[in-house]
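Scroll down for the structure; my scribbles are underneath it.
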Amino acid sequence: MSLTTFFTELSGPQMEALFAQPYAAVALFRSLPPPARHVLLRFAWTSGEVSTALVSSWARPEAEGKLSGALRQLTALRLLSQAAHSGGAVYVLHPSFQAQLRHVLCSGLSAELVAPAAAVLPSAPPAPPADDLSEYARQQWEALLLHVVDGSSPPPALPPGLQAEAGRGVDVPALLAGAGLVVKCEGAFTHTAITESGFRFLLADVYTQLWGVVRQYLAALGGAPGSSAGPDLAVALNFLLRLGLQAGRPMPLAQLGGAERTIAAHMAQLGLLLPASAPGGALWLHPTHLAAVLAGGGRSGEAAAGGEEGYVIVESNYRVYAYTTSPVQISILRLFVRVDALLPNLVVGTITRESATAALGAGIAADQVVSFLRQHAHPRAAAKPPIVPAVVADQLRLWQQELTRLGAQAATLYSRFESPELYERAVAHARQLGALLTSNPDRQLLVVPAGFHDAMRAYLRDRKQQLGLG
Amino acid sequence: MAESSDPVLFTRRAQRGTGAAAVDGVCMVSRSRVRWQPNDPSKGQPATLDVAAITRTQQAPGKPFIKLDAASGALVLGFESVADRDEAVDLLKQLKPPAAAPQQASGAASAAPGSGGIGAPPGVLLPTAKQRAALFQADPDLKQLHQSLVEAGILGEAEFWGARQELVRGGGGGGARLRQRAGLPSAMLADVKPSADGQTEKVHFQLTPQIIQQIFTERPEVHRAYLAHVPHTLDEKAFWTRYFKQQYKKMARRRRQGLPVDGRHDDDDDDELFLPFKKQLQEQERERAQAAMSRVDPTVNMAADAGEHFSAAAYGSLHDGTRDPQAALRASHVDSIARDINRHAAVVLRGAPEGLAGLEAAPSGADAGADNTPQHANTGKIAAALAAQQKAAAKAAAAGGGSSGDEALSADRMEEWQQRAASALDDLRLDDPESRYLPLNIQDPRAYFDAAAAAGMAGSGEAGGGAGGRTAAAADLRRALAAVRPAALPSPPCDPQLAGAVLLELSQDQDASLVEEFGPVAASALQYPPQDRARGLPPVLLEHLRGEALKTNELLRHFWGCVPLTSAARAARAAKLGRALQEQRKLLQGHLQHPMGEGSSHQVHVAMMLRPLVAAVDAALARHGTEQQQRRKQAPP
Amino acid sequence: MSTSEWEDDSSLLALLLDVSPAALARLASTPGLGLQSLLEQLLTFVNAFLLLNDANRLAVFTADAAGARLAYCSPACLPPGAAGAGDAAEATAWPPSVAVLAGLQQAATAAAGAGAGAPAATGGSCQLSAALSRALCFIQSQRRRAAAAAAGPGGGAAGGGDGATAGGAVDEMGGQGSQAARVLCLSGGTDVPSQYIAVMNAIFSAQRSGILIDACQLGPGHSAFLQQAAFLTGGVYLKPAKPQALAQYLNSVFALDARTRGMLRLPGAAHVDFRPSCFCHKRQIDLGFVCSACLSIFCEQLPACTTCGTDFQGKVKQ
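Residue numbers (this note's numbering), protein chains in the order written: chain A, 1 to 470; chain B, 471 to 1107; chain C, 1108 to 1425.
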């Protein structure tokens, strides 16, 4: 889940509404892969129409796939559309997007929004220390993650002082359930259980996690994406992205509009904003690094994750040492590590066949595990690659393959052909269809997937008639 | 007519005699003789002169006549042009031994038309018919070139092959090969292992002339000692005994894991027989290094690390109290082994000295122990031959060094160097001699450095309008900076149409001239990657173009071989080649404009292929023009 | 993961702006451009570059006849603790063009002040060598700091290693860990042949440390130095045919980071002028003499190399 996929699902009018402000445009721009960004940049100062032949000539021969991939993505996002213009095919840049892009390049993000506000308002209170900000963000977000892992732990609570805006705050359990991360099990006593996508969620990077939640939040706010939620969604999204793009710049709660206040309170609950009282009593909201991650595209998501101290060391003997006290981190590790010892600041565990296959069976991919270990590597370990010993990474993949070594597939077996010639032709035909699973000329056997049975049957009937076999 | 061993280098139409009695004929010059043959055998007798026999060459200034005096009588020839005459004179000068060189050609010749073969430098080896056939078969391009250049009369046979001497010499089978030089065995001297009979205490060394030779080249001090002592103060056997005793000791010590217990240097214990010579050699080596140093621009002295070696290897480490003195010794020990190996490698790479290859006769047993099978004649010969060779080499080196003639550093040379150095370190340069000694004012270092930088820059730029222009420009900049509103830059900052045009321009290969010439077709043609561009062209055309390209390159190579035009012969050759190049250029230009599908992308590709060639031809012609002008200026006709 | 494929497309850009009087006069007289428009277009490029990736870092140098000065650098490039936290917050504000312009103004005023103090200097073209060296030093210091920061948090004791290991770490970082860096020269002047050696040395050190040098030549004619710089370091040399649309050139070509250049085609080096300046008289030469030992270039035949002392004995290769 990411910003781009979210945008792909939006309707035309929703897009228009979003592009009324620059934030969505910037956030979207930044979350695109580099070739796409540069294509957009090349479009920015033109009239917005560039011939398709010209655009496709931009790629180096060896990287044509990358450019065409980027163009496909841009088209899917409807930022570019193909049109015919004066006899040739042209790409047309989304006009509102182009206008916003130009605006950002010339006047920055916030010419109307912040500059006057800064003039009117009393100067912002001193920002809380960076440690406090990230500590708060971490605390709130970990509470959410912990709730995913263990339904009995309390979800992140609404910070005090914001009840007026948000009432009881976000219903986190419902949010998570809506996102399909947990399911409610009705049984002797109702509890929540983590789902496969929940497992994947835990191992994903912060950016993906955040967007998974925020998307569900927006969907809950304005109906499912794709429906015409209209301006509300646009306001909300633009507001969220603005938080990220203005990282380090606090905003006074009193200055926000009604809808924005509610959203701000909710985001404070999720850890994106830290509420702090200024000396005058006014409540100011300070964006945390999570807000920056939200708007920064995948790249800065990684950066933000890297900003947190890594804590995992993996040895080539499958030992895992994790310098952490966080229950979330421990329970995430428990997904695929057999914990041998819990020390005050250290978890010692082993990746065993049992622990790994349990995780793989739960729907987690080996590559996800490896990339999790790599992402959260202790700085000492990260300093000397390979961060995750090759033997461990390979073994995880092998265990995964082991699980998928045997697969069941419905197939049809043909036997007792009337003549060898018919058999030969049938085999040839099956091969032509790409449907030949196996054949045994000695015993005149032929196996094709069940899906091809109809085609084969029709063919065999025709053949038989032709060969006069009736 | 000329035997293949004595090819004709020069052929020109020439009359014998002067005035009305002159007889038309052809003058041919080969390496050893000058021949003249009448066109009509009834009118005159052919004449032949040995080049070596010519005592004097006289030419009339401004007239194409030459008079060759010889003991057998004089031969007076009248060429068609002064240029032809000069060429003949040049050639004769080259062929004759320098002592008897004909007097300087007077009157510079301007380039004049000539025809037929062109004289080639002597010593050109022409391939035999068989060789040539083999060469042509191996390389069809060569054959094609030969056809289009030599058979068409643009280049002479000798000229053509002159540029390919290594082919003629080395390849083709049956040509005179360069004799391969005898190599040296790469076994180290350490491999001269002593053999012990196990009963007596004696150790035997086996010596062969080869080994002796190797010892002499690898250890010059031994060589010198041998030359100084052997027949007179020591006999051969005693000499080698001492040598091997010393070697044996050394080897034994090295085997003891290289720790000289007595703390002596590895090299210290050389026999006093060799020691003086060793010192002498070291002295020479040092002198040579110093001579090299003295040639170095002292401001850019990269040879200065010679001194560092001393401090690092011996003094520095020894005097450093914190270090292990044994370690230094060990290091020097390793050093001495390394030096031996290096020396050996150098000798092996240099190969056996000429003239000594024949001496590797049956191994002669000179030994160090007691056995006595003296075999001295060869050893003495080797030593003498080596010495003679080294002396010759030294003489050659001295002659070369003498010509450079900078034994001591002259004052103006030093000054020049200093100037260069000053301009090399541009950022540090101070033109103003006063400010060079500006004391460093610690209180305000910024002012000092700023002033220095400003002074250093003065004069290096080409007048930016003086101080006034400078301040005006700076004021302009500040004004412009003040006028920009950074939070509301004009949107868009440039004309969208123009921006679109720029995109188009950027995605083409930036070949403005092509685009100009071919218009939009060029753009589409250039979209192909370079390796695909020849794809659509007919193979016949490609083959043809390739041939033309080879031909052009060959002509260019010969042309640049004549530059600079220092002699009349060169000038004439260059003029001739220049004409051929002009022809070639016309031909290429024709291809460029040849309408094979007007304005097609093929046309663009052909143009792209041929353009560098045309440019190269143009460069050569331009060079030729300027050279000619210079010659004319130097010697007005 | 799709993100890992392009996770590191951020880069450090050092922008060299030629503000020597000759260049300024030249730029001011370019039809349809003018100084103000040039600056405006440049600032949009600055915005675009920083928009591309929020980890992008920028440093702007102005170069004139007296040397180069740092006009602006991204707050993240400042040494930690050098500027107040409030400062940093202000500087991250969009658009960055505000801060860059302020920096340029400061640099111009400072240059004017220094110029008034200096004796009548008639400097024409800018000190390209000094500016390049300055930019390279800046990049190198950033890399070192990044390397130290990477080694630091794990163990402070290990971080204080000697210079040799730090250097090795930096080289290693150049390959993977640290940000890709490049230099963009916006030049308006002509080459100063006497700077040849200094410029080439700067180019080679850039090449060795994997720093691209891009060049946008707005001045008259082509700059052989910048062509060689771009060629040797794998950068792009461009002389805009339509300088009025400078912003488009900048966005289309010079905004591309090193990785993206592997994907998108850039205008190639059509004709690079490879002529060197000789070491002895600093003349630009077509044909010269090269020392067979150290490859020094001379315009005349010398008896011995003045750089390494090799004796030619009258035999030199042309």
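Cβ atoms here follow ideal geometry from the backbone N, Cα and C, with glycine treated the same way.
Exercise. Between the beta-carbon of Leu-41 of chain A and the beta-carbon of Asn-1358 of chain C, is there less than 8 Å?
Worked result: yes
For this session: Tell me, please, whether the CB atom of Val-1343 of chain C is closer than 8 Å to any CB atom in chain B?
Result: no
Problem set entry | chain C residues whose Cβ lies nearer than 8 Å to that of Arg-756 of chain B | The contacting residues do not exist; Arg-756 of chain B stays about 15 Å from chain C at best.
Exercise. Looking at Ser-1117 of chain C and Ala-1162 of chain C, is the spacing between their C-beta atoms short of 8 Å?
Worked result: yes
Problem set entry | Touching by the beta-carbon criterion (3+ pairs, under 8 Å), the region 387 to 407 of chain A and the region 311 to 320 of chain A | yes
Exercise. Of all the options A:Gly-244, A:Glu-62 and A:Arg-200, which has the alpha carbon lying nearest to the alpha carbon of Ala-292 of chain A?
Worked result: A:Gly-244
For this session: For chain C, find out if any of its Cβ atoms is closer than 8 Å to the Cβ of Leu-3 of chain A; answer yes or no.
Result: no
Problem set entry | Three-state class that DSSP yields for Pro-287 of chain A in the structure shown | strand
For this session: State yes or no: is the C-beta of Thr-479 of chain A within less than 8 Å of the C-beta of Leu-28 of chain A?
Result: Outside the shown range of chain A, which is 1 to 470, sits residue 479 of chain A, and nothing can be said about it.
For this session: Enumerate in chain order the residues of its own chain whose CB-to-CB distance from Cys-1406 of chain C is below 8 Å, with the five nearest sequence positions on each side excluded.
Result: Cys-1385, Cys-1387, His-1388, Arg-1390, Ile-1392, Gly-1395 and Phe-1396
Problem set entry | Proximity to Gly-1328 of chain C [Cα-Cα], best of C:Phe-1156, C:Pro-1203 and C:Ser-1294 | C:Ser-1294
Exercise. Thinking just about the alpha-carbon of each residue, which of A:Pro-327, A:Phe-199 and A:Leu-253 is nearest to the one in Trp-284 of chain A?
Worked result: A:Leu-253
For this session: Could you list which residues in chain B have their beta carbon closer than 8 Å to that of Thr-52 of chain A, in chain order?
Result: Those within 8 Å of Thr-52 of chain A in chain B number zero; the least Cβ separation is about 12 Å.
Problem set entry | CB contact below 8 Å: Arg-1366 of chain C versus chain A | yes
For this session: Less than 8 Å between the CB atoms is what I'm expecting for Ala-1287 of chain C and Ala-1183 of chain C, so what's the real figure, rounded?
Result: Not really, about 15 Å apart at Cβ, beyond 8 Å.
Exercise. Which ranges would you report for the beta strand (DSSP E) in the region 492 to 570 of chain B if only whole runs of at least 3 residues count?
Worked result: 493 to 500, 503 to 508, 517 to 520, 524 to 529, 535 to 540 and 545 to 549
Exercise. Start and end of the beta strand (DSSP E) containing Asp-611 of chain B?
Worked result: No beta strand (DSSP E) contains Asp-611 of chain B, which is instead part of the alpha helix (DSSP H) from 610 to 615.
Exercise. Within this structure, are the beta carbons of Arg-60 of chain A and Gly-1326 of chain C separated by less than 8 Å?
Worked result: no
Problem set entry | Close beta carbons around Ala-118 of chain A, own chain, < 6 Å, minus the five adjacent residues each side | With a pLDDT of 43 at Ala-118 of chain A, under the threshold of 50, the modelled position of this residue cannot be trusted; read the value that follows with caution. Cβ neighbours of Ala-118 of chain A beyond the five flanking positions: none.
Exercise. Quick one, which of A:Val-183, A:Asp-205 and A:Ala-219 has its alpha-carbon nearest Val-170 of chain A's?
Worked result: A:Ala-219
Exercise. Can you tell me the Cα-Cα spacing of Glu-629 of chain B and Cys-1398 of chain C, whole angstroms?
Worked result: 30 Å
Exercise. Taking only beta-carbon atoms, is Asp-1088 of chain B less than 8 Å away from chain C?
Worked result: no
Problem set entry | Leu-1142 of chain C vs Leu-1007 of chain B beta-carbon contact at 8 Å | no
For this session: Give, in chain order, every residue of the region 1129 to 1155 of chain C whose Cβ lies closer than 8 Å to some Cβ of chain A.
Result: Thr-1151, Asn-1154 and Ala-1155
Problem set entry | Proximal residues, the region 951 to 962 of chain B versus chain A, C-beta separation under 8 Å | Ala-957, Ala-958, Leu-959, Pro-960, Ser-961 and Pro-962
Exercise. For Ala-1305 of chain C, does the count of other Cβ atoms within 10 angstroms reach 16, so buried, or fall short, so exposed?
Worked result: buried
For this session: Spell out the partners DSSP gives Ser-1037 of chain B in its beta bridges.
Result: Answer is none; Ser-1037 of chain B lacks a bridge partner.
For this session: Please list the partners that Gly-970 of chain B has in chain A, where partner means a Cβ-to-Cβ separation under 7 Å.
Result: Thr-46, Ser-47 and Val-50
Exercise. Which bits of chain B does Tyr-1356 of chain C rub up against, with CB to CB less than 8 Å?
Worked result: Val-972 and Leu-976
Problem set entry | Cys-1244 of chain C burial status per 10 Å Cβ neighbour count (16 or more: buried) | exposed
Exercise. Since Ala-1336 of chain C and Ile-1310 of chain C are thought to touch, with beta carbons under 8 Å apart, how far apart are those beta carbons, to the nearest angstrom?
Worked result: 5 Å
Exercise. Beta carbon of Leu-93 of chain A, beta carbon of Leu-79 of chain A: below 8 Å?
Worked result: yes
For this session: Reducing DSSP to helix, strand and coil, say where His-674 of chain B ends up.
Result: strand
For this session: Report all residues from its chain with a CB closer than 6 Å to the CB of Thr-941 of chain B; omit the five preceding and five following residues, and keep chain order.
Result: none
For this session: Could you check the C-alpha separation between Val-427 of chain A and Gly-451 of chain A for me, to the nearest Å?
Result: 16 Å
Exercise. CA-CA distance, Met-1307 of chain C and Arg-1176 of chain C?
Worked result: 21 Å
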